[in-house]
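**Q** When we follow the numbering used here, the leftmost residue of the sequence shown carries the number 704, and every step to the right adds one.
Virtual Cβ for every residue (Gly too), placed ideally from N, Cα, C.
Bear in mind the structure is a predicted one, so any value in this text is a computation, not a measurement.
One structure coming up, written as structure tokens, with questions to follow.
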Amino acid sequence: MRGRQRAEARARPWWEAGAFGGVVGHHGDVPFTFSHPAAVLPLLRGLRGRGPLIASGLVAGSMAPDLPFFAASCHPGLFRHGALTHRWWAVPTVDVALAGAMVLGWRTALRRPLLGALPVPWAAAALAATADRGEPPRAAAFALSAAIGAASHVGWDAFTHPGRAGVRLLPALTRPVAGVPLCTLAQYGGSALALAGLGRHLARELRALPPAEQLPPPAGGRYRRALLGASAALGAGHRVLRGRRRPGRTGLDDLVSDLCFGAGAGAVAGALVLSAVDRVGSGRYVPRAFG
Numbered sequence: 704m705r706g707r708q709r710a711e712a713r714a715r716p717w718w719e720a721g722a723f724g725g726v727v728g729h730h731g732d733v734p735f736t737f738s739h740p741a742a743v744l745p746l747l748r749g750l751r752g753r754g755p756l757i758a759s760g761l762v763a764g765s766m767a768p769d770l771p772f773f774a775a776s777c778h779p780g781l782f783r784h785g786a787l788t789h790r791w792w793a794v795p796t797v798d799v800a801l802a803g804a805m806v807l808g809w810r811t812a813l814r815r816p817l818l819g820a821l822p823v824p825w826a827a828a829a830l831a832a833t834a835d836r837g838e839p840p841r842a843a844a845f846a847l848s849a850a851i852g853a854a855s856h857v858g859w860d861a862f863t864h865p866g867r868a869g870v871r872l873l874p875a876l877t878r879p880v881a882g883v884p885l886c887t888l889a890q891y892g893g894s895a896l897a898l899a900g901l902g903r904h905l906a907r908e909l910r911a912l913p914p915a916e917q918l919p920p921p922a923g924g925r926y927r928r929a930l931l932g933a934s935a936a937l938g939a940g941h942r943v944l945r946g947r948r949r950p951g952r953t954g955l956d957d958l959v960s961d962l963c964f965g966a967g968a969g970a971v972a973g974a975l976v977l978s979a980v981d982r983v984g985s986g987r988y989v990p991r992a993f994g
């Protein structure tokens, strides 16, 4: 049985091989992408990177390997490229490039719409904390930071997904607990704890920002939240309905995966709409009903 599994793994195309020799499946993969930045918190001092490290590179790199899973909302064929971004050689190459694209998109189009939809006190602090400080670009430091972030992502996944290198290294992680493999419990439980820790860190840092340094958020926060919520719901619904039509995608993990990736992609689409409206209005929210 084990020999047949090894033969099947060798027969897979190279792009389907997971990091460090594991296998990345086409469904049921990590839904909790936004938990991954918690792994780089020890490398941050407040909201800035320690030493030469750059916070935006660390955070974007820690999420970059999952970008194809979100992009699959635009074209289903992009999902399979998540196998490529989880390869060891992609960490300092493909994932660094994706992290750079993510930061560019965040700074030019997504930051203000997404953070501006937060309640006013939080939006004012978050916009100030993430504002461009006019520092000269440091490409090498960013690449190093993004690679470290991506390595933390791939390493975390290696021990929390069946068939990955870490799970094969520690077979005890495959033991079932209440019918669920221990590595899967670690995936979901660790993701929940990481989200809680990340939220606590961000809340503490934003509360510490002096009011004088905070920036006024864009008008129409309530309508912005409604638009982003609607676009996220539409994105999730689209992804779930599309997934239900594919054979074999009937498990709870598939549903959670489709909901999370679809909602994330939908929210980004909504933020791009808000960004375009803001630009047309020269920084103001044009429709009076939204003011």
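Report yes if the CB atom of S765 is closer than 9 Å to the CB atom of A895, and no otherwise.
**A** No.
**Q** Using only the alpha-carbon positions, how far apart do L683 and Q917 sit?
**A** Only positions 704 to 994 of the chain appear in this structure, which leaves residue 683 out of reach.
**Q** Residues in the same chain with beta-carbon distance under 7 Å from V823, minus the five sequence neighbours each way, listed in chain order, please.
**A** Here the set comprises P920, G924.
**Q** Can you round the beta-carbon distance between L898 and A832 to whole angstroms, since I take them to be within the 8 Å contact cut?
**A** Not a contact, Cβ separation roughly 19 Å.
**Q** Anyone know if the C-beta pair for S776 and H904 falls short of 9 Å?
**A** No. Outside cutoff.
**Q** On a Cα-Cα basis, can you pick out the residue from A911, A968, R945 that is closest to A936?
**A** It is A968.
**Q** Relative to the C-alpha of R858, which candidate in R949, L975, V794, H778 has its C-alpha closest?
**A** According to the sequence shown, residue 858 is Gly rather than Arg. Among R949, L975, V794, H778, the Cα nearest to that of G858 belongs to V794.
**Q** Decide if D835 is buried, meaning its Cβ has at least 16 other Cβ atoms within 10 Å, or exposed.
**A** Exposed is the call here.
**Q** To the nearest angstrom, how far is it from the Cα of L685 to the Cα of F964?
**A** With the chain covering only 704 through 994, there is no way to say anything about residue 685.
**Q** DSSP has L750 in a bridge; who is on the other side?
**A** L750 is not bridged to any residue.
**Q** State the Cα-Cα distance for the pair V976 and A881, rounded to the nearest angstrom.
**A** Whole-angstrom Cα-Cα distance: 45 Å.
**Q** By the DSSP assignment, the alpha helix (DSSP H) with H784 in it spans what residues?
**A** Taken as a continuous stretch (DSSP letters only), H784 belongs to no alpha helix (DSSP H), as it is neither H nor E.
**Q** When you compare only the Cα positions, how much space is there between P914 and P740?
**A** Cα to Cα, P914 sits roughly 26 Å from P740.
**Q** Which residue wins for smallest C-alpha separation from A763, given the options P755, A800, A774?
**A** Nearest C-alpha to A763: A800.
**Q** If you drop the 5 nearest sequence neighbours on each side, which residues of the same chain put their C-beta closer than 6 Å to that of Q890?
**A** Cβ neighbours of Q890 beyond the five flanking positions: T863.
**Q** When DSSP labels each residue in this structure, what does V799 get in the three-state scheme?
**A** In the structure shown, V799 sits in a helix (DSSP, three-state: H, G or I).
**Q** Roughly how many angstroms lie between the CA atoms of G721 and A922, to the nearest whole one?
**A** Low confidence applies here, because G721 scores a pLDDT of 43, under 50, leaving its location unreliable; read the following figure in that light. Roughly 45 Å between the two C-alpha positions.
**Q** Out of H784, F845, A774, R948, which has the shortest C-alpha to C-alpha gap to A802?
**A** Checking every option, the nearest Cα to that of A802 belongs to F845.
**Q** Please report the residue range of the alpha helix (DSSP H) in which F845 lies.
**A** 842-861 is the extent of the alpha helix (DSSP H) around F845.
**Q** Beta-carbon within less than 6 Å of A939's beta-carbon, same chain only, minus the 5 sequence neighbours each way: which residues are those?
**A** Taken in chain order, the residues that qualify are L962, G965, A966.
**Q** Enumerated in chain order, which unbroken segments of the alpha helix (DSSP H) with a length of 4 residues or greater are wholly contained in the stretch 867-904?
**A** Complete alpha helix (DSSP H) runs here, min 4: 868-872.
**Q** Round the Cβ separation of R751 and A742 to the nearest angstrom and send it over; I've been treating them as touching at under 8 Å.
**A** Contact flag wrong, Cβ pair sits at about 17 Å.
**Q** Rounded to whole angstroms, what's the CA-CA distance from W791 to A853? Just pull it up for me.
**A** In a straight line, the C-alpha of W791 is about 10 Å away from that of A853.
**Q** Alpha carbon to alpha carbon, how far is A774 from R782? Give it in angstroms, no decimals.
**A** Residue identity check: residue 782 is Phe in the sequence provided, not Arg. Whole-angstrom Cα-Cα distance: 7 Å.
**Q** Between A834 and chain C, is the shortest Cβ-Cβ distance under 9 Å, so that the two count as touching?
**A** Going by chain labels, chain C is absent from the structure shown, which holds only one protein chain.
**Q** Quick one: Cα of P771 to Cα of A970, how far?
**A** Roughly 16 Å separates the two Cα atoms.
**Q** Whose C-alpha, out of R814, A829, T788, V870, is nearest the C-alpha of H906?
**A** Residue identity check: residue 906 is Ala in the sequence provided, not His. Checking every option, the nearest Cα to that of A906 belongs to A829.
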